[in-house]
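Residue numbers (the numbering used here): 279 to 397.
In structure tokens:
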């Protein structure tokens with residue numbers, strides 16, 4: 279692998295405040311037909327599905343969960359009248375198919391609010 283394609287694992291992994299778990303998020307599906315008319319934020323893609331990998335540091339147990347972010351956003355809008363997440367990601371926030379750690383909370387906000395995942 280060439281140096282320009284190398285991505286540090288720490289850039290892709292987020293942790294909770296007590297370092298009990300680590301999270302990695304892989305993009306499974308994006309909406310190819312979605313158009314971002316905002317030039318202000320650069321080139322962005324609309325995420326539909328992600329694969330969430332959670333590693334519990336205490337037990338070394340790994341859990342994988344596929345999340346349909348689009349469906350979760352529709353559900354929370356129906357139940358709570360608003361959505362706190364933003365499914366638009368800059369192309370630069372996706373490295374080797376994984377979402378950078380700084381954007382994890384943006385994609386997981388609705389799933390956490392609906393108790394689909396508990397962190």
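Beta carbons: idealized from backbone N, C-alpha and C, even for Gly.
Item checked: Spatial neighbours of residue 351 in its chain, beta-carbon cut-off 7 Å, leaving aside the 5 residues before and after -> Shown here for residue 351: same chain residues with a beta carbon closer than 7 Å to its own, the five before and five after excluded, namely 361, 363, 365 and 388 in chain order.
Next item on the list: Determine, using beta-carbon pairs with one atom in the stretch 375 to 387 and one in the stretch 294 to 309, whether at least three such pairs fall under 8 Å.
Entry: Touching, per the Cβ criterion.
Next item on the list: Would you check if there are 3 or more beta carbon pairs closer than 8 Å linking the stretch 340 to 354 to the stretch 311 to 323?
Entry: By the Cβ rule, the stretch 340 to 354 does not count as touching the stretch 311 to 323, because fewer than three pairs are nearer than 8 Å.
Check: Out of curiosity, what's the CA-to-CA distance linking residue 342 and residue 318?
Finding: Between residue 342 and residue 318, the C-alpha separation is close to 35 Å.
Item checked: Extent of the continuous alpha helix (DSSP H) to which residue 358 belongs -> Its alpha helix (DSSP H) spans residues 347 to 358.
Checklist line | Nearest candidate by alpha-carbon position, reference residue 321, set 368, 331, 340 and 299 | finding: The shortest Cα separation from residue 321 among 368, 331, 340 and 299 belongs to 368.
Note to self: Helix, strand or coil, according to DSSP, for residue 383 in the structure here?
What the structure shows: Here residue 383 sits in helix by DSSP.
Note to self: With a threshold of 7 Å on Cβ separation, who are the neighbours of residue 355 within its own chain once the five nearest residues in sequence on each side are excluded?
What the structure shows: Result list for residue 355: 361, in chain order.
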